[in-house]
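Take 7 as the starting number for the sequence shown in this note's numbering and just add one per residue. See below for the structure under consideration.
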Amino acid sequence: MTHTLPSLPYDYNALEPHIDVKTMEIHHSKHHQGYVNKLNAALKNDPETAEKPLEEILRNPQEIPENIRQTVINTGGGHYNHSLFWKTMSPDGGGMASGELEEALIKKFGSFEKFKEEFSNAAATQFGSGWAWLSKDSSGELSVSSTSNQDTPLSKGLTPILCLDVWEHAYYLHYQNRRPDFISAWWEVVNWEEVAKNYSEQ
Ligand code: MN
Numbered sequence: 007m008t009h010t011l012p013s014l015p016y017d018y019n020a021l022e023p024h025i026d027v028k029t030m031e032i033h034h035s036k037h038h039q040g041y042v043n044k045l046n047a048a049l050k051n052d053p054e055t056a057e058k059p060l061e062e063i064l065r066n067p068q069e070i071p072e073n074i075r076q077t078v079i080n081t082g083g084g085h086y087n088h089s090l091f092w093k094t095m096s097p098d099g100g101g102m103a104s105g106e107l108e109e110a111l112i113k114k115f116g117s118f119e120k121f122k123e124e125f126s127n128a129a130a131t132q133f134g135s136g137w138a139w140l141s142k143d144s145s146g147e148l149s150v151s152s153t154s155n156q157d158t159p160l161s162k163g164l165t166p167i168l169c170l171d172v173w174e175h176a177y178y179l180h181y182q183n184r185r186p187d188f189i190s191a192w193w194e195v196v197n198w199e200e201v202a203k204n205y206s207e208q
């Protein structure tokens, strides 16, 4: 299958003032598109891997032929991670989780605020480029983690339901070195409806 860049479910300027239009445009149309292009190029000569769904490829990285393994982990991860990132933000976002997801967060972290603290800390302390994650395991238990580069929690048997890109390209134009300010602003656009859907899906 040929991988394609998903359209954003909102305009490039829709997340202003929290995430600026220029950052969104470059991030989606250049960075994400770049991962998609390089992934397709890497898979071109390996039809067996190419026909698998991306999530399945990333869950079993040891099955990727060695000569393209790291490239597929990097570019396939880049495609997967950004696709989730765009969908879990919304101009109507912010606030807090509700329903079953809220209950699960409270059960795991003690309170919604404590969860936010733990997630923000994972995002702020990820050294260099990477991502912060909220994931569920096969029994529905939640966990917060961070990964380097474009690595995903899929390879650890987890299913990510919310992620935050802390590569400098995600915030540097507007926030420069102030990653914590970007993290605080991002909470204002989190699409909790979408995260709840990701949580309840099998
Ligand atoms: Mn990015």
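Note that CB positions come from ideal geometry on N, CA and C, so glycine has one too.
Residue i versus residue j: straight-line alpha-carbon distance, rounded
i	j	result
isoleucine 63	glutamate 57	10 Å
leucine 160	leucine 168	13 Å
leucine 111	proline 15	26 Å
asparagine 183	isoleucine 189	12 Å
histidine 4	phenylalanine 125	Past the edges of the chain, shown from 7 to 208, lies residue 4, and the structure says nothing about it.
glutamate 123	serine 151	12 Å
isoleucine 25	aspartate 17	12 Å
glycine 84	asparagine 66	16 Å
threonine 131	arginine 185	10 Å
glycine 136	serine 154	4 Å
threonine 94	glutamate 207	15 Å
lysine 114	leucine 11	34 Å
alanine 48	asparagine 80	11 Å
glutamate 31	valine 195	17 Å
phenylalanine 118	glutamate 54	43 Å
glutamate 22	threonine 29	10 Å
serine 145	tryptophan 139	17 Å
glutamine 156	proline 71	18 Å
For residue i, the three-state DSSP class (helix, strand or coil)
i	result
methionine 102	coil
valine 172	coil
methionine 7	coil
* Please list, following the chain, all residues that have a C-beta closer than 6 Å to any non-hydrogen atom of the ligand MN. => His33, His37, His88, Asp171, Trp173, His175, Ala176
* Please list the segments of the beta strand (DSSP E) lying wholly inside the region 133-169, counting only runs of 3 or more residues, in order along the chain. => 136-142, 148-154
* Every unbroken alpha helix (DSSP H) within the region 58-115, with a cutoff of 4 residues, ordered by chain -> 60-65, 72-93, 105-115
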